[in-house]
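Chains as they are written, first to last, in the numbering used here: chain A, 682 to 835; chain B, 4 to 142. Ideal Cβ placement from N, Cα and C applies to all residues, glycine included. Just so it is clear, the structure is predicted and the values come from calculations on it, not from any experiment. Structure first, commentary second.
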Amino acid sequence: TPVIAVHGGAWAIPENMIADTKLGIQDALRAGYQVLQSGGTALEAVQAAIIKMEDDPNFDAGNGSVLTYDGDVEMDSMIMDGSTMKAGSVGCVNSIANPIKLATLVMEKTDHVLLVGEGANKFAKEMGVPRVEIESLVSPHAKEEWERKTVGHD
Amino acid sequence: TVGAVAVDSMGNVASGTSTGGITAKRPGRVGDTPLVGCGGYADNEVGGVSTTGHGEGIIKVCLARHITFLMEQGLSAQEASEKALENMYNKVGSSGGVIVISKDGGVGQYFTTDKMARGWAKDGQIYWGVAMDDIQSCP
């Protein structure tokens, strides 16, 4: 029997984000479960569920990423296939919408496990991954949080 | 941070995790997410795990691999989740959360933070929740 589980982060989720977060979790589950029910692989289901959450600004990943102290975006992602023990991951990437896709490319197209920073961004370019404006990855909530934490507090 | 773990109809296991980091983090800081055995792990002979929470603590205890190790010793997905997160809190004072699926489809989910958004789908039913005792379901 196929099974999928997802999470959208463990933290003190504010009350005003809970309803949208629950909807996002349901969307991700449905996306992944549909893949499994139609005969897709576990790897494809995991990717489908994570892409849904990366595209949802209510989650801190992809579109919705928070900002570094310098106001930049740095995203990390990993995928692992338990049937082959192959894994791929990326660290500190920016300018791409779905880091989980890039992690999958590291797993499938290279002999490596982890690519980071400039090298990971170059690899994305080599693989033809479309670049997006960094601003498009930053949600209003992420911007507010960054301003609250860097500009001042009581 | 977001994550997913799945077991397909052929019994293959996969896991994935993705994050935008922590607000105002030091540039260049990398947490557990892209590290195999920390942010996630998958092994057809045991099951799969995706983690979230205090990345530095998760790295120190290799949380995802620790959970699969406990499952190899005979613990269920739920028992292993609880034991590994309590161990992380006791050893390094870090909180977090995990989702786990065993190779035979058993689901584990646990967290030592205030809340964790999570859910699972099995036997045509989906379950989701945010607070510890807040689990809803629908077909």
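Residue i, buried or exposed, once every other Cβ within 10 Å from all chains shown has been counted against 16
{"i": "Val832 (chain A)", "result": "exposed"}
{"i": "Met734 (chain A)", "result": "buried"}
{"i": "Arg829 (chain A)", "result": "exposed"}
{"i": "Ala9 (chain B)", "result": "buried"}
{"i": "His57 (chain B)", "result": "buried"}
{"i": "Val42 (chain B)", "result": "One detail in the question is off: residue 42 (chain B) reads as Gly in this sequence, not Val. Buried: at least 16 other Cβ atoms inside 10 Å."}
{"i": "Asn739 (chain A)", "result": "buried"}
{"i": "Lys803 (chain A)", "result": "exposed"}
{"i": "Gln139 (chain B)", "result": "exposed"}
{"i": "Ala17 (chain B)", "result": "buried"}
{"i": "Asn93 (chain B)", "result": "exposed"}
{"i": "Gln728 (chain A)", "result": "buried"}
{"i": "Ala134 (chain B)", "result": "exposed"}
{"i": "Glu755 (chain A)", "result": "buried"}
{"i": "Lys782 (chain A)", "result": "buried"}
{"i": "Ser817 (chain A)", "result": "exposed"}
{"i": "Pro142 (chain B)", "result": "exposed"}
{"i": "Leu795 (chain A)", "result": "buried"}
Reference residue i, options the options, closest by Cα
{"i": "Ser21 (chain B)", "options": "A:Gly690, A:Val787 and A:Asp751", "result": "A:Gly690"}
{"i": "Pro821 (chain A)", "options": "A:Ser746, A:Asn802 and A:Glu807", "result": "A:Ser746"}
{"i": "Asn775 (chain A)", "options": "A:Val819, A:Thr791 and A:Leu795", "result": "A:Val819"}
{"i": "Gln707 (chain A)", "options": "B:Trp131, B:Asp137 and B:Pro142", "result": "B:Trp131"}
{"i": "Ala686 (chain A)", "options": "A:Lys767, A:Ala693, A:Arg711 and A:Ala778", "result": "A:Arg711"}
{"i": "Gly720 (chain A)", "options": "B:Gly111, B:Gly109, B:Met13 and B:Thr4", "result": "B:Met13"}
Boundaries of the beta strand (DSSP E) in which residue i is found, first to last residue
{"i": "Thr22 (chain B)", "result": "Val16 to Thr22"}
{"i": "Val832 (chain A)", "result": "No beta strand (DSSP E) holds Val832 (chain A); the alpha helix (DSSP H) holding it covers Pro821 to Val832."}
{"i": "Ala768 (chain A)", "result": "Lys767 to Val774"}
{"i": "Tyr750 (chain A)", "result": "Careful: Tyr750 (chain A) lies outside any beta strand (DSSP E) and carries neither H nor E."}
{"i": "Met13 (chain B)", "result": "First-last for Met13 (chain B): undefined, no H or E at that position."}
{"i": "Leu38 (chain B)", "result": "Segment: none, Leu38 (chain B) is in no beta strand (DSSP E) and carries neither H nor E."}
{"i": "Lys125 (chain B)", "result": "Lys118 to Lys125"}
{"i": "Asp762 (chain A)", "result": "Met756 to Asp762"}
{"i": "Gly720 (chain A)", "result": "First-last for Gly720 (chain A): undefined, no H or E at that position."}
{"i": "Val101 (chain B)", "result": "Gly99 to Ser105"}
{"i": "Ile685 (chain A)", "result": "Val684 to Trp692"}
{"i": "Ile138 (chain B)", "result": "Ile138 to Cys141"}
Segment limits, alpha helix (DSSP H) that includes residue i
{"i": "Phe72 (chain B)", "result": "Leu66 to Glu75"}
{"i": "Gln734 (chain A)", "result": "Note on residue identity: the sequence assigns Met, not Gln, to residue 734 (chain A). It spans Ala723 to Glu735 - the alpha helix (DSSP H) in which Met734 (chain A) sits, taken as one unbroken run."}
{"i": "Gly798 (chain A)", "result": "Gly798 to Glu807"}
{"i": "Ala83 (chain B)", "result": "Ala80 to Val95"}
- [ ] Check whether the segment 24-37 of chain B touches the segment 688-704 of chain A, counting contact only when three or more Cβ pairs, one atom from each stretch, lie closer than 8 Å.
- [x] no
TODO: Compile a chain-ordered list of the residues in the segment 687-699 of chain A whose CB is closer than 8 Å to at least one CB of chain B.
DONE: Val687, His688, Gly689, Gly690, Ala691, Trp692, Ala693, Ile694 and Ile699
Open item on the list: By the 7 Å beta-carbon criterion, what residues does the segment 5-19 of chain B contribute toward chain A?
Closed with: Val5, Gly6, Ala7, Val8, Ala9, Val10, Asp11, Ser12, Asn15, Val16, Ala17, Ser18 and Gly19
- [ ] Decide if the segment 81-91 of chain B is in contact with the segment 117-126 of chain B; the criterion is three or more beta carbon pairs, one per stretch, under 8 Å apart.
- [x] no
TODO: Output, in sequence order along the chain, the residues in the segment 720-734 of chain A whose CB is closer than 8 Å to any CB in chain B.
DONE: Gly720, Gly721, Thr722, Ala723, Leu724, Ala726, Val727, Gln728, Ala730, Ile731 and Met734
Open item on the list: By the 8 Å beta-carbon criterion, what residues does the segment 781-806 of chain A contribute toward chain B?
Closed with: Ile781, Ala784, Val794, Leu795, Val797 and Gly798
Open item on the list: Does the structure place the segment 62-73 of chain B close enough to the segment 90-108 of chain B that three or more beta carbon pairs sit under 8 Å?
Closed with: yes
Task: Contact set between the segment 93-120 of chain B and chain A, restricted to residues whose Cβ is under 7 Å from the partner - done: Gly99, Gly100, Ile102, Ile104, Gly108, Val110, Gln112, Phe114, Thr116, Asp117, Lys118, Met119 and Ala120
Task: Residues, ordered as in the chain, of the segment 42-69 of chain B that lie near chain A by beta-carbon distance below 7 Å - done: Gly42, Gly43, Tyr44, Ala45, Asp46, Asn47, Gly51, Ser53, Thr55 and Gly56
TODO: Give the residues from the segment 125-141 of chain B that approach chain A closer than 7 Å (Cβ to any Cβ), ordered along the chain.
DONE: Lys125, Asp126, Ile129, Trp131 and Val133
TODO: For the segment 736-767 of chain A, enumerate the residues whose C-beta is nearer than 8 Å to any C-beta of chain B, in chain order.
DONE: Phe740, Asp741, Ala742, Gly743, Gly745, Ser746, Val747, Leu748, Thr749, Tyr750, Asp751, Asp753, Val754, Glu755, Met756, Asp757, Ser758, Met759, Ile760, Met761, Asp762, Gly763, Ser764 and Met766
Task: Segment contact flag, the segment 35-51 of chain B with the segment 755-764 of chain A, C-beta cutoff 8 Å, min 3 pairs - done: yes
Task: Chain-ordered residues of the segment 816-830 of chain A with a beta carbon less than 8 Å from chain B - done: Leu818, Ala823, Glu826, Trp827 and Lys830
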